[in-house]
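Number of protein chains: 2
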Amino acid sequence: MLQQGAVRDRIVERFDAMSPQLQAAARYILEHSQEVALVSMRELARNAGVQPATMTRLAKFLGLAGFEDIRVHFSDALRLRADGFAARAIERDNAGTEAGSGLAHRMLQSLSGQIARLSEPESLARLQAVADRLAAARRVYVLGLRSCHSVAWHFHYVMTLLGDKSVHLDGPAGTGVDGLLRAGDQDVLLVISISPYALQTLEIARLAREKKIGIVAITDSEVSPLIGISEASILCATESQTFFHTLTPALAVSEVLCGLLANRDRQASLDALQRADQHLASLNIYTNTIPPRRI
Amino acid sequence: MLQQGAVRDRIVERFDAMSPQLQAAARYILEHSQEVALVSMRELARNAGVQPATMTRLAKFLGLAGFEDIRVHFSDALRLRADGFAARAIERDNAGTEAGSGLAHRMLQSLSGQIARLSEPESLARLQAVADRLAAARRVYVLGLRSCHSVAWHFHYVMTLLGDKSVHLDGPAGTGVDGLLRAGDQDVLLVISISPYALQTLEIARLAREKKIGIVAITDSEVSPLIGISEASILCATESQTFFHTLTPALAVSEVLCGLLANRDRQASLDALQRADQHLASLNIYTNTIPPRRI
DNA sequence: CTCGATATGAAACAAGTGTTGCAAATCCTG
DNA sequence: CAGGATTTGCAACACTTGTTTCATATCGAG
């Protein structure tokens, strides 16, 4: 196994000074690290052929308060490996410091981890599937209300620079939905919604489904109400150490989708962007010191 | 997380038929699978905001004898995952080296790194400075046009849930700027702009400065035109492997600011959120539970 | 050997575990 | 809006947990 941190090292280091029973316990722990976190101490002792008390004695011998300290250590290591990332461990490190001042650090570390986890194979496959569906569509309608407006709008904004496929279902005086009037089965609706799910979003999505419009979703859970009605979907984390949910991973997903779509026909994308640049330049939208952008 | 086997599927499958409390428990388990094996049921229930009995009831609802059955299942899954960790790490590295289809992977890794880099001490200090300035303000005006609209709006949206300090300088027919009419030197303008910088944003910011309104900025560079006119600022990366700039780090910054502000008076924030919840509930904005499918 | 110290096993302990039964609250439905 | 069925919170339950205590066993030095 990989390094499990300080406790493991300490066991190895002090192994020679242990009594036979302590060594038996220590050896079992070293060779079955995961079990430490997954079964009770008594069962661990039984499997190691050792008295329960020996496990406690081992902990004290290592300078710890009790066996619980050992378990915490191995739990964290296991969580870390299962996550494939260090977000939680960092969180714990800072837990000792002031609750307030470390918040920013904890939030950023956690966000970084949540986005990194999106690059696991399954997520990538789902991203690709959604991108494929969007690429095949004649027109893409984008729906995201309340907190998800930011993501919906950003996706729509970028897509607008790339062409005229995108229609944003939002607008003053609640007229946004009218966009679906002329939508049909060659079109796709991209729905973005996280818990708590806005009722209106679901209603519009169901309406779209009845009209045979394809539906893809960015949402937060396998049990999101959107899962049942979409052909493809991407799940992203929304948990945060604050009182509200985070939309940063969802925005990242949105940007990746834009990237995948633009990447399908790089030349066409470049041309479209150049035309957009000219348009905006002639309207004097931006400060003239425009740094050229290309890849 | 990835496939955890039968129990997980069964939870998803029967989710719609569950009572609200069961759903809450189920949702927490789905989103924190590892914890099931690593902490006691009572603690799990506490973290899920649910009665201990609800966990037992969930198990029975799924046709299992008791919660212990659930735990066994997730323990096994976790053991398996931890074992396969090394293999997955290799797989992940390989995925990164692929050129074409690896775009999504590269983008996500890069975003993750850009956000992690925001947690360096200097960035944290700047975040804190901006948060302090915002907290001291009587009113916070939020300005972000074009691509930055998403970030501006999201910040404003969250702040609206926390109180009425925030005013979004945007609106139909270009009337958004009118909000600055009554702004004064006790107020602060939060400007968000990245290259290329929208001319209108700079004009409004300069106007605000003439009116002695405090200015803080989220922008992308030390040489951004916003740096010269703001009292405090936060820099975030915008580089991306696509044709466009990324706003994900900027959104992360915005969320951290919201978190820091809400954290200053946690009780007041909680009260405000609760009031917002009640308001939205009475308007029936959200699905309170997943409605059982009619017909 | 014998003595002192250390190591081990077994039993007792409080604390916390998962579960259950019951009453209050909530929700439908007629 | 009453009545019946669900759903929910609460408290008690028997049981297991990790720890501690103490008596016994083991060892090494004289």
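Order-wise, the sequence lines are chains A and B.
Note that the numbering used here gives residue 75 to position 75 of the first sequence, counting from 1, and the numbers run on in steps of one.
Note that the numbering used here gives residue 1070 to position 70 of the second sequence, counting from 1, and the numbers run on in steps of one.
All residues carry an ideal CB built from backbone N, CA and C; glycine is no exception.
For clarity, every value in this text was computed on a predicted model and none was experimentally measured.
Check                                                                                                                                                              : Outcome
Let me know if GLY1049/B comes out buried or exposed under the rule of 16 or more other beta-carbons within 10 Å of its beta-carbon.                               : exposed
Can you tell me the Cβ-Cβ gap for ARG1264/B and ALA1135/B, rounded? I've got them flagged as a contact below 8 Å.                                                  : 6 Å
Measure the beta-carbon distance from VAL1142/B to HIS1168/B and round it to whole angstroms, keeping in mind my assumption that it falls under 8 Å.               : 5 Å
Could you tell me whether the region 27 to 45 of chain A touches the region 71 to 83 of chain A, using the rule of 3 or more Cβ pairs below 8 Å?                   : yes
Per DSSP, what kind of secondary structure is SER1040/B in: helix, strand or coil?                                                                                 : coil
Using a Cβ-Cβ cut-off of less than 7 Å, give me the residues of the region 98 to 117 of chain A that come near chain B, in sequence order.                         : GLY100, LEU103, ALA104, HIS105, MET107, LEU108, GLN109, LEU111, SER112, ILE115, ALA116
If you run the structure through DSSP and keep just helix, strand and coil, what is SER1075/B?                                                                     : helix
Is the beta carbon of ALA1037/B less than 7 Å from the beta carbon of LEU38/A?                                                                                     : yes
Please name the residue, chosen from HIS105/A, PRO20/A, ALA131/A, ALA116/A, that lies closest to ILE234/A on a Cα-to-Cα basis.                                     : ALA131/A
Can you look up ARG282/A in the DSSP assignment and give me helix, strand or coil?                                                                                 : This sequence places Ser at residue 282/A; Arg is not what is there. Correct three-state label for SER282/A: helix.
How is HIS314/A classed by DSSP in three states: helix, strand or coil?                                                                                            : Outside the displayed range of chain A (1 to 295) lies residue 314/A, so it cannot be described from this structure.
Candidates THR56/A, ASP83/A, ALA82/A: which alpha carbon is nearest ARG71/A's?                                                                                     : THR56/A
For a minimum of 3 consecutive residues, which ranges assigned as the beta strand (DSSP E) are wholly contained in the region 1208 to 1248 of chain B?             : 1214 to 1219, 1232 to 1235
Out of ALA205/A, LEU261/A, ASP164/A, which one is the CA nearest neighbour of ALA1104/B?                                                                           : LEU261/A
With DSSP run on the structure shown, which of helix, strand or coil describes ILE29/A?                                                                            : helix
Suppose the cutoff is 6 Å on Cβ atoms and the five residues either side in sequence are ignored; what does the same chain contact list for ARG146/A look like?     : ALA198
Are the C-beta atoms of THR219/A and some chain B residue less than 7 Å apart?                                                                                     : no
Applying the criterion that 16 or more other CB atoms from any shown protein chain within 10 Å of the CB defines a buried residue, is VAL1223/B buried or exposed? : exposed
Taking 8 Å as the cut-off, does the region 1245 to 1262 of chain B touch the region 247 to 254 of chain A (at least 3 CB pairs, one atom from each stretch)?       : yes
Please check if any C-beta of chain A sits within less than 7 Å of the C-beta of ARG1126/B.                                                                        : no
Does any C-beta atom of chain B lie closer than 7 Å to the C-beta of ALA82/A?                                                                                      : yes
How would you list, in chain order, the residues of chain A whose beta-carbon sits under 7 Å from the beta-carbon of ILE1070/B?                                    : Within chain A, no residue comes near ILE1070/B; the closest Cβ sits about 14 Å away, beyond 7 Å.
Taking the continuous alpha helix (DSSP H) assigned at TYR1157/B, which residues delimit it?                                                                       : 1149 to 1162
Helix, strand or coil for VAL50/A per DSSP?                                                                                                                        : coil
Counting contacts by CB-CB distance shorter than 7 Å, is VAL223/A in contact with chain B?                                                                         : yes
Determine, using beta carbons only, whether SER1150/B comes closer than 7 Å to chain A.                                                                            : yes
For chain A, check one thing: does any of its Cβ atoms lie closer than 7 Å to the Cβ of HIS1154/B?                                                                 : yes
Terminal residues of the continuous alpha helix (DSSP H) containing SER1110/B?                                                                                     : 1103 to 1117
Scan the region 1173 to 1205 of chain B for residues whose Cβ lies nearer than 7 Å to a Cβ of chain A and list them as they occur along the chain.                 : SER1195, PRO1196, TYR1197, ALA1198, LEU1199, LEU1202
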